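In UniProt numbering, the protein residues as written are 1 to 298.
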């Protein structure tokens, strides 16, 4: 029988799951309806729509994986279902993370104010830059999938002689350590890129404020507001994803993974990133914010 804290955490995770689906689904719905009506979509709308779509997939896969780990489901100790679940997790997490990073890069080139010829060259070719980044990230996706499937194959072969459920669960705990560690390492790459973009945005804002002071103009001009909005969006992503990464690292510790209560606490913190960041993006986007306010009003 589960304890009261475990039941409370399970309820929290389910609520976060519902909220995450609603917030991301809202982004997809509003942008798609607007796309159909106007027959066109801005780059930012496309990025947000794709990001929200993969977030929904990641939320579902994360819940399935948590449920399987929590209740020792045969899905996670049987080769074929395990390969499907892990591959789906890698796929959705990869694009969810990289499109959040691409959003940070997009803000940098659209709002950042630098006179460097290289920056200006890339700024005027932002669509091609985004496309090239998307294609380049596929290399990391394939490497991650290959490495993870090697881990699964090694675990299956090492565990072939162990027929008991307890021995397979113990072996799966060791596999989970390698899997979570591998996922964390691949996640650090886009996180670092987003962090660099954030630093450049901060520097651009500082330069702009210095220029405004020298001209004795009002600080709350449109460019300043755009800077602040972009900085808030990227900063929220960095902080939330840093907590997500930290939880992944801690969850890879065997003693933590085998503790149901501790694992559920970490899962709840991870779900905050998946459910809350999209809501922050809605508040930071004028069109989505207006649509959200209208829905709430009616």
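Ideal placement from N, C-alpha and C gives every residue a C-beta, glycine not left out. Note that the structure is a prediction, hence the values are computed from the model and not measured.
Restricting to Cα atoms, I'd like to know which of 263, 274, 279 is closest to residue 6.
Here residue 6 refers to the residue found at position 6 when the chain shown is read from its first residue. With distances taken between Cα atoms, residue 6 lies closest to 263.
Leaving aside the five residues before and after residue 244 along the sequence, list all residues of the same chain whose C-beta is less than 7 Å from its C-beta, in chain order.
Translated into the one-based positions of the chain shown, residue 244 becomes position 244. Excluding sequence neighbours, residue 244 sits near 270, 273.
Assign residue 253 to one of three DSSP states: helix, strand, or coil.
For this step, residue 253 is matched to residue 253 along the chain shown. Secondary structure of residue 253 (DSSP, three-state): coil.
Sorted by chain position, which residues of the same chain lie with C-beta nearer than 8 Å to residue 151's C-beta, five sequence neighbours on each side aside?
Residue mapping note: residue 151 aligns to position 151 of the chain shown, counting from 1. For residue 151, where only same-chain residues beyond five positions count, the Cβ hits under 8 Å are 175, 178, 179, 182.
Under 8 Å between C-beta atoms, does residue 276 make it to chain B?
Judged by its chain identifiers, the structure shown contains no chain B, having just a single protein chain.
By Cβ distance, which residues of its chain are closer than 6 Å to residue 247, with the 5 residues on each side in sequence left out?
If you number the chain shown from 1, residue 247 lands on position 247. Only residues of its own chain outside the window of five on either side were considered, and among them 266, 269, 270 have a CB closer than 6 Å to the CB of residue 247, listed in chain order.
Quick one: using the 10 Å Cβ neighbour count with 16 as the cut-off for buried, is residue 203 buried or exposed?
The count along the chain shown starts at 1 and reaches residue 203 at position 203. Under this definition residue 203 is an exposed residue.
Quick check on residue 8: buried or exposed, where buried means 16 or more other Cβ atoms within 10 Å of its Cβ?
Counting from 1 along the chain shown, the entry for residue 8 is found at position 8. Residue burial is scored here from C-beta neighbours: residue 8 has fewer than 16 other C-beta atoms within 10 angstroms and is therefore classed as exposed.
Buried/exposed call for residue 281, threshold 16 Cβ in 10 Å:
One-based indexing of the chain shown puts residue 281 at position 281. Residue 281 comes out buried.
Do you know how far the Cα of residue 211 is from the Cα of residue 61?
Translated into positions along the chain shown, residue 61 becomes position 61. Translated into positions along the chain shown, residue 211 becomes position 211. Roughly 48 Å between the two C-alpha positions.
How should residue 259 be labelled, buried or exposed, when 16 other C-beta atoms within 10 angstroms of its C-beta is the threshold for buried?
Position 259 of the chain shown, counting from 1, holds the residue named residue 259. That one is exposed.
Cα-Cα separation between residue 287 and residue 26, rounded to whole angstroms
For the purposes of this step, residue 287 is taken as the residue at position 287 of the chain shown. For the purposes of this step, residue 26 is taken as the residue at position 26 of the chain shown. The alpha-carbon atoms of residue 287 and residue 26 are separated by roughly 12 Å.
With a threshold of 6 Å on Cβ separation, who are the neighbours of residue 137 within its own chain once the five nearest residues in sequence on each side are excluded?
Taking the first residue of the chain shown as 1, we reach residue 137 at position 137. Within the same chain, 98 come within 6 Å of residue 137 by CB-CB distance, once the 5 residues on both sides are set aside.
With distances taken between CB atoms, is the gap from residue 198 to residue 235 smaller than 8 Å?
Counting from 1 along the chain shown, the entry for residue 198 is found at position 198. Counting from 1 along the chain shown, the entry for residue 235 is found at position 235. Yes.
Thinking just about the alpha-carbon of each residue, which of 49, 18, 23 is nearest to the one in residue 32?
Position 32 of the chain shown holds residue 32. Selection 49, 18, 23 evaluated against residue 32 yields 49 as nearest (Cα-Cα).
Close Cβ partners of residue 123 (< 7 Å) along its chain, the five nearest in sequence each way excluded
Taking the chain shown and counting its residues from 1, one reaches residue 123 at position 123. Beyond the five residues adjoining it in sequence on each side, residue 123 comes within less than 7 Å, by CB distance, of 109 in the same chain, given in chain order.
Chain-order list of residues whose beta-carbon lies under 6 Å from that of residue 348 (same chain, five-residue window excluded)
Missing from the structure shown is residue 348; the chain here goes from 1 to 298 and no further.
Helix, strand or coil for residue 307, going by three-state DSSP, please let me know.
Nothing about residue 307 can be read from this structure; the chain reaches only from 1 to 298.
Could you check the C-alpha separation between residue 114 and residue 83 for me, to the nearest Å?
Taking the first residue of the chain shown as 1, we reach residue 114 at position 114. Taking the first residue of the chain shown as 1, we reach residue 83 at position 83. Going by the C-alpha atoms only, they are around 46 Å apart.
Limits of the unbroken alpha helix (DSSP H) element including residue 4
As a position in the chain shown, residue 4 is number 4, starting the count at 1. Counted as a single uninterrupted DSSP element, the alpha helix (DSSP H) harbouring residue 4 occupies residues 4–38.
Do you know whose CA, among 130, 10, 63, 117, lies nearest residue 46's CA?
For this step, residue 46 is matched to residue 46 along the chain shown. When each option's Cα is compared against that of residue 46, the closest is 130.
Considering only their Cβ atoms, is the gap separating residue 13 from residue 66 smaller than 8 Å?
Numbered from 1 along the chain shown, position 66 holds the residue referred to as residue 66. Numbered from 1 along the chain shown, position 13 holds the residue referred to as residue 13. In this structure, residue 13 lies closer than 8 Å to residue 66 by Cβ.
Under a Cβ-count criterion, where at least 16 other Cβ atoms within 10 Å of its own Cβ denotes burial, should residue 242 be classed as buried or exposed?
Here the question's residue 242 lines up with position 242 in the chain shown. So residue 242 ends up on the exposed side.
Classify residue 148: buried if its beta carbon has 16 or more other beta carbons within 10 angstroms, exposed otherwise.
Numbered from 1 along the chain shown, position 148 holds the residue referred to as residue 148. Burial check for residue 148: the Cβ neighbour count within 10 Å reaches 16 or more, so the residue is buried.
Close beta carbons around residue 283, own chain, < 6 Å, minus the five adjacent residues each side
Your numbering for residue 283 matches position 283 in the chain shown. Cβ within range, chain order: 289.
On the premise that residue 20 lies in contact with residue 275, defined as a C-beta separation below 8 Å, what is that separation, rounded to the nearest angstrom?
Here residue 275 is taken as the residue at index 275 of the chain shown, counted from 1. Here residue 20 is taken as the residue at index 20 of the chain shown, counted from 1. Contact check for residue 275 and residue 20: beta-carbon distance about 3 Å, within the 8 Å limit, so the pair qualifies.
Exposure of residue 277, with buried meaning 16 or more beta-carbon neighbours within 10 Å
Counting from one through the chain shown, the residue named residue 277 turns up at place 277. With a threshold of 16 other beta carbon atoms within 10 Å, residue 277 meets it and is buried.
Local conformation of residue 62 per DSSP, three classes:
Indexing the chain shown from 1 puts residue 62 at position 62. Here residue 62 sits in helix by DSSP.
Please report how far the alpha carbon of residue 132 lies from the alpha carbon of residue 101, in whole angstroms.
Translated into positions along the chain shown, residue 132 becomes position 132. Translated into positions along the chain shown, residue 101 becomes position 101. Taking the straight line joining both Cα atoms gives about 14 Å.
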